[in-house]
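Sequential numbering of the sequence shown, starting at 1, is according to full-length UniProt numbering.
Note that the Cβ used here is the ideal one computed from N, Cα and C, for glycine as well.
Since we're looking at a predicted model, the values are computed, not measured.
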Amino acid sequence: MNPDVSVLQKHATPSPFGRGAETVLDPTYRNGTELKTDELAFSLQGDKGSQYKQFVSKVEDELQTSMFVGRNVSLKLYKLAIYGEGGYFDWHRDSTHSDAHHGTVLVALNTEWEGGELMLRHQGVETIVNMHPTKHLRKSVEELRPVVVAFYTDTEHKVMPVTKGTRLVLQYDVEVVEQPP
């Protein structure tokens, strides 16, 4: 997927975040924009739709054998987070969007940017995740391959400042689906 960044930016709105019981805008803490699920449209026709569904299914399968062993999970697209040059988000935990929401999956789309690393912190241990899509040679053509990261909702994380380009990341809620008795 090679998104038209200028079209997305034109329709995006400033990203709020939860501070206690309130939802606030504070560009000194989070400088980014977003498109909510109802503002996004994907062409799921033909091969592209099939590839997308296979991708989501593969991620769900991975989660069921790593983070949520023995549980059924479902990915629910929440939003597209957009961080242009200077964009960042300080340390935070994701707000849960339902009782079934227990994790987050981030998928970095095929844009190039510098900076914007994802930092994770859990039980005092910090990890830096390189979310930059990787270059891959396919049929003699170099293309970017998206990067996928998953973590539990109680994991603190932050986005370091983007220094060049635009960082586009799809954010999915990981919902644990209870099986009927």
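Cα-Cα separation, residue i to residue j
i      : j      : result
Leu118 : Glu178 : 31 Å
Pro161 : Glu85  : 8 Å
Leu120 : Leu106 : 12 Å
Asp61  : Gly70  : 11 Å
Leu35  : Ala81  : 7 Å
Ala21  : Ser98  : 15 Å
Spatially closest choice to residue i from the options, by CA coordinates
i      : options                       : result
Leu77  : Val59, Tyr88, Thr134, Gln9    : Val59
Ser6   : Ser95, Gly165, Val176, Val174 : Gly165
Asp4   : Val147, Lys79, Lys36, Thr111  : Thr111
Leu8   : Thr65, Pro16, Tyr83           : Tyr83
Thr155 : Asp94, Leu106, Val107         : Asp94
Ala41  : Arg167, Tyr88, Ser74, His11   : His11
Pro146 : Lys53, Gly124, Thr127, Leu170 : Leu170
Ala100 : Val125, His122, Ser50, Asn72  : Asn72
Thr28  : Gly87, Asp173, Ser74          : Gly87
Arg167 : Met67, Lys79, Leu109, Lys53   : Leu109
Glu126 : Leu75, Thr37, Tyr52, Phe151   : Phe151
Integer-rounded CB distance, given that residue j should sit under 8 Å from residue i
i      : j      : result
Val159 : Gly116 : 6 Å
Thr13  : Thr96  : About 22 Å separates the two Cβ atoms, so there is no contact after all.
Asp90  : Arg30  : 7 Å
His92  : His132 : Actually they are not in contact, since the Cβ atoms of His92 and His132 sit about 22 Å apart, beyond 8 Å.
Thr134 : Lys79  : 24 Å between Cβ atoms; not a contact.
Query - Runs of alpha helix (DSSP H) wholly within the UniProt domain "Fe2OG dioxygenase" (71-176) (minimum 4 residues, chain order) - result: Runs found: none.
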